[in-house]
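In our numbering, the protein residues as written are 521 to 734.
Where is the CB? At the ideal position from N, CA and C, for every residue including glycine.
These numbers come from a predicted model, not from an experiment.
Note sheet for the following structure.
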């Protein structure tokens, strides 16, 4: 696994207890990736979890009504494109395992664009073949990626652990390293992507790398 931590995660467990929320990963993930790709945030550090909590509450209501996380994120992208039309945000969205893997690995290649990716991961404790057939997993987790056109560097955002820089190793694909990361951090034997969404733009995005907290 080749990830170097640049920023610690913000501890939001008391907030979860106070709001009776099951999690905050999707709200934080959307806030981090959307503010960076539009230039609204000038830092890689984790966003304000109170704002992330509002987005999470929107998603949980959407989920209760039968909507999927990827459909919710697509709705947020449509709102964002209307909000910042000058950024000319280009969207790609896939909702199956093979296409998600292909999108993430393609994302890691040089493209000459700034881009972010939302990833929807399934995590499970049961490694039996029946698990894959029945598609039953213990939990869902959202994470994001950022790629800078200036130097091609790639960053991973995980609301529970922080922001990491991906250190490329010969012959190792990005998706493979992310899966290793998930299995190690969450101490589960099974993890698989169930969907991904990429936003890209030719516009510059201002980032300040001076304030790094390890």
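Asked: Runs of beta strand (DSSP E) lying entirely within the segment 699 to 724, each at least 3 residues, in chain order; Found: 710 to 721
Asked: First and last residue of the uninterrupted alpha helix (DSSP H) at residue 599; Found: 589 to 603
Asked: Strand pairing of residue 640, partner residues [DSSP]; Found: 662 and 715
Asked: Simplified DSSP state of residue 676, which is helix, strand or coil; Found: strand
Asked: Short Cβ contact (8 Å threshold) for residue 582 with residue 547; Found: no
Asked: Sequence-distant residues of its chain with Cβ nearer than 7 Å to residue 614 (five each side left out); Found: 620, 623, 715 and 716
Asked: Neighbourhood of residue 699 by C-beta distance below 6 Å, restricted to the same chain and skipping five residues each side; Found: 711
Asked: Inter-residue spacing [alpha-carbon to alpha-carbon] between residue 709 and residue 639; Found: 19 Å
Asked: First and last residue of the uninterrupted beta strand (DSSP E) at residue 526; Found: 523 to 528
Asked: The segment 662 to 679 in contact with the segment 548 to 557 per 3-pair CB rule at 8 Å; Found: yes
Asked: Nearest residue (CA-CA) to residue 661, options 618, 720, 590 and 602; Found: 590
Asked: First through last residue of the alpha helix (DSSP H) which encompasses residue 624; Found: 617 to 627
Asked: Backbone CA spacing between residue 559 and residue 603 [nearest angstrom]; Found: 12 Å
Asked: Neighbour flag for residue 721 against chain D, beta carbons, 8 Å; Found: Judged by its chain identifiers, the structure shown contains no chain D, having just a single protein chain.
Asked: Residues bridged to residue 635 (per DSSP); Found: 667 and 720
Asked: Residues that DSSP places opposite residue 685 in a beta bridge; Found: 524 and 675
Asked: Helix, strand or coil at residue 554 according to DSSP, with G and I counted as helix; Found: helix
Asked: Beta-carbon proximity check, residue 719 vs residue 563, cutoff 8 Å; Found: no
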